[in-house]
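**Q** Quick one: structure below, then a few questions.
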Amino acid sequence: MKSIYSSDSVPATADIERNKPLLDDQQKNSLIQDIKQLLIEQNALLVAHYYTDPGLQLLADETGGCVADSLEMARFGKQSSAQKIVVAGVRFMGETAKILSPEKTIVMPDLDATCSLDMGCRAEDFIPFCDAHPDRTVVVYANTSAEVKARADWIVTSGIATKVITHLHNEGKKILWAPDRHLGQYIQSVSGADMLLWQGSCIVHDEFKAETLSALKQKHPEAKILVHPESAYTVVKMADVVGSTTQLINAVKSLDADTFIIATDNRIFYKMQQAAPDKLLIEAPTGGAGANCTMCAHCSWMAMNSLQGILKLLQNGGNEITIEEDVRLKAYQSTQRLLDFAAANP
Ligand code: 13P
Ligand code: SF4
């Protein structure tokens, strides 16, 4: 393995469940065996995001669940025959699963695992904003609450947002976009659509800065730069590939290059290394001018998912996602529109 990042060098966040001590290998293995047994007994599947700890990603793979981006997590939960879906990610991902699969029990290790985009776009502020712009089609990023989704005409994820907005733009529609201003600016630049942008942002991707990235690129002029579009537009403009988590993993695999600088949550390196074991992967810097590095390229809310949390959940129950049915039905329409569009536009 030729990576500057190594999962060995990453703090074992899967072993940190708020104030609990780290586990040794024996304790960890016994925990994993107990979880595997309970998943089978409860007809449950683990669906994990790429930003969760590698230990959880491995467990999801080994138990027939999936490790995916937010679009695929939603699709997988809906298509699965499991009665219970354990979502290792952040709350909007659990809510999206419930919106699409109301008959299933959707649980999460920690219901407080949220997202700065979701937090910065409250339904009580967003609904009047939409009402003030009735001439615009409301397109909302998946990183939002069920109440905000219920007010939207369309839900999109980063993997498909540009395609959807281009489609709406070609139909002559004007767009109201929320909540990520950086993603909105990027889509606007690609599609040329008329977009009114909500001013939210991701506090993890906000830490990547063009100046420090440029200095790193000078040290590795041969490297391709891969950027998640929640990053600032100045960073996005430097990218060879801009894309969702899945699209960035695919780029590492398919591009004819040996070295990559990657601007997104560093837990994605686990799957990137699996996809391209001989390539050199370098983390984009989060320090430098204008950065405060409170997150250091790892989402603190994603880090709230732990092996201990999953075991406790399966042993004790609780932490179920619930959504009021009238809200769910409205959110279902805009979310299902996304899945239908994705199926028709592969
Ligand atoms: P993806 O849809 O690309 O997985 O992104 C989700 C997310 O929260 C990125 O910060
Ligand atoms: Fe939200 Fe950013 Fe964390 Fe993704 S990385 S869940 S956008 S705070």
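If you read the sequence shown in my numbering, its first letter stands for residue 4, the second for the next number, and so on.
Using N, Cα and C, we set each Cβ at its ideal position, and we do this for glycine too.
#1: Kindly examine the ligand SF4 and report whether one of its heavy atoms sits closer than 7 Å to the Cβ of Ser119.
#2: Go ahead and pull the three-state DSSP assignment for His170.
#3: Answer with buried or exposed for Leu316, where buried requires no fewer than 16 other C-beta atoms within 10 angstroms of its C-beta.
#4: Per DSSP, which residues does Gly162 bridge with? Please list them.
#5: Distance check for Val239 and Asn348, CA to CA, integer angstroms please.
#6: What does the alpha-carbon distance come out to for the pair Ala155 and Pro224?
#7: Give every residue of the same chain whose Cβ lies closer than 7 Å to the Cβ of Val193, excluding the five residues on either side of it in the sequence, and list them in chain order.
#8: Where does His231 fall in DSSP's three states?
#9: Among Val255, Met122 and Ile228, which one has its Cα closest to the Cα of Leu216?
#10: DSSP three-state label for Asp27, please.
#11: Under a Cβ-count criterion, where at least 16 other Cβ atoms within 10 Å of its own Cβ denotes burial, should Asp209 be classed as buried or exposed?
#12: Just mark Ala135 as buried or exposed, buried being the case when its beta carbon has 16 or more other beta carbons within 10 Å.
#13: Can you determine whether any heavy atom of the ligand 13P sits closer than 7 Å to the C-beta of Asp72, and answer yes or no?
#14: Could you pull out every residue in the same chain whose Cβ sits closer than 6 Å to the Cβ of Leu42, ignoring the five residues on either side in sequence?
**A** Let me spell this out:
#1: yes
#2: helix
#3: buried
#4: For Gly162, which the question treats as bridged, DSSP gives no partner whatsoever.
#5: 24 Å
#6: Annotation: Ala155 to Pro224 spans about 43 Å, alpha carbon to alpha carbon.
#7: Thr165
#8: coil
#9: Ile228
#10: Correct three-state label for Asp27: coil.
#11: Burial call: buried.
#12: exposed
#13: yes
#14: Thr66
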